[in-house]
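I have placed the structure first, in the form of structure tokens, so that the comments after it can refer back to it.
Numbering (our numbering), first residue to last: 65 to 447.
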């Protein structure tokens, strides 16, 4: 029954038509991507301080249909027209990876705060330009690693990793993320090199982010940090697209973060195997196993197995049954309000913390994984 309640809360949005504040921030959407419903429409319906105000898409008819379905007041002929609207304060960018840089840069230069889907860009060079532009424009740029904002990660797991007396030193981290490829068409944007496709980009970016979060938390550093060292020791593509030799359907990689070994495996599996997302943290005194950090609203659990007596504790944190996307959007809105009311970017990034140097470091690692795997860094022109 609890699961059904969580699913209803997640998929239904606010059926009571929540009254919006008079001064609610207006947000515009670039594109009518499938993820918009999960990432913005549903969570936005539960927050009174944001109004999903406008949308533009490559196809105006598609944008109009999306707007009618979700009660969005304005439809624009194109992205530039939306960005030029002075009533819009913030932008959600769910475009394909290869378009993140172009349209996020334009949004920042138009004076908008940007919530950009992960991964932030095609590559680290683009990410640096985006982060620097956000600084120049004094606007927020947040990478949408939504799982980081859920209490299961940001409280439960964070508190356990921070307890060095209990867990001892971290010896090894193993990350797994698999999804059946049968769920997607062969021409899905995930599998198109020209717009930043590849499994390491789509699934593997989560594992890179998670390993960095764990190591940074253990070393008392925040997400927006690149002080630690990294080395990609090995990377191996598991399956390559038959239509494009640069598209990986799976990737295994070995990474050192501050000397801690991280083994990562991601794949769009070539069968109807179940979705799996798991992190195993092998420590001196305990083994921590984290299941479904990405979508904990559906199900999740964390176990801590003490090495000295094999005693196992199981921990969950369903809090108020809200999704990762709800907490992410809530944090983004609060951060924008801080910038507008107090002018403090530093304080804002303490709340909306998946950004800046951390976002660049994510892309640096992904770039190096592709190089080690003998594949081309995304965004590189192939002749």
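Beta carbons: idealized from backbone N, C-alpha and C, even for Gly.
These numbers come from a predicted model, not from an experiment.
Contact between residue 89 and residue 400 holds, with the beta-carbon distance rounding to 6 angstroms and staying under 8 angstroms. When secondary structure is reduced to three states using DSSP, residue 236 falls in the strand class.
Residue 168 sits in a helix when the DSSP states are folded into three classes. The continuous stretches of beta strand (DSSP E) do not include residue 388, which lies in the alpha helix (DSSP H) extending over residues 388-406. Shortest Cα-Cα distance from residue 412 to any of 112, 240, 395, 332 involves 395. The alpha-carbon of residue 409 is positioned some 8 angstroms away from that of residue 202.
Take residue 351, set aside five residues on each side of it, and the residues of its chain with a beta-carbon closer than 6 angstroms to its own are 369, in chain order.
Distances from the CA of residue 373 to each of 191, 349, 353, 168 were compared; the closest alpha carbon is that of 349.
Setting aside the 5 residues that flank it on each side, residue 415 is surrounded in the same chain by 395, 398, 399, each with a C-beta closer than 6 angstroms to its C-beta; the list follows chain order. By the Cβ rule, the segment 357-368 counts as touching the segment 385-395, because three or more pairs are nearer than 8 angstroms.
Between the C-alpha atoms of residue 105 and residue 424 there is a straight-line separation of about 28 angstroms. Look at the beta carbons and you see the segment 214-223 not touching the segment 418-437: under three pairs across the two are nearer than 8 angstroms. Taking the Cβ atoms as the reference, residue 96 lies roughly 6 angstroms from residue 119, within the contact range of under 8 angstroms. Secondary structure of residue 364 (DSSP, three-state): coil.
Residue 115 and residue 84 have their C-alpha atoms roughly 7 angstroms apart.
At the C-beta level, residue 207 and residue 418 come within 7 angstroms of one another. Taking the C-beta atoms as reference points, residue 296 is found nearer than 7 angstroms to residue 436.
Note that the segment 180-191 touches the segment 153-171; at least 3 beta-carbon pairs, one per stretch, sit closer than 8 angstroms. For residue 321, the pairing in a beta bridge is given by DSSP as 294, 324.
A direct Cα-to-Cα measurement between residue 377 and residue 101 gives close to 35 angstroms. Contact between residue 339 and residue 242 holds, since their C-beta atoms are separated by about 7 angstroms, short of 8 angstroms.
Residue 279 is not a Cβ neighbour of residue 342, given a cutoff of 7 angstroms.
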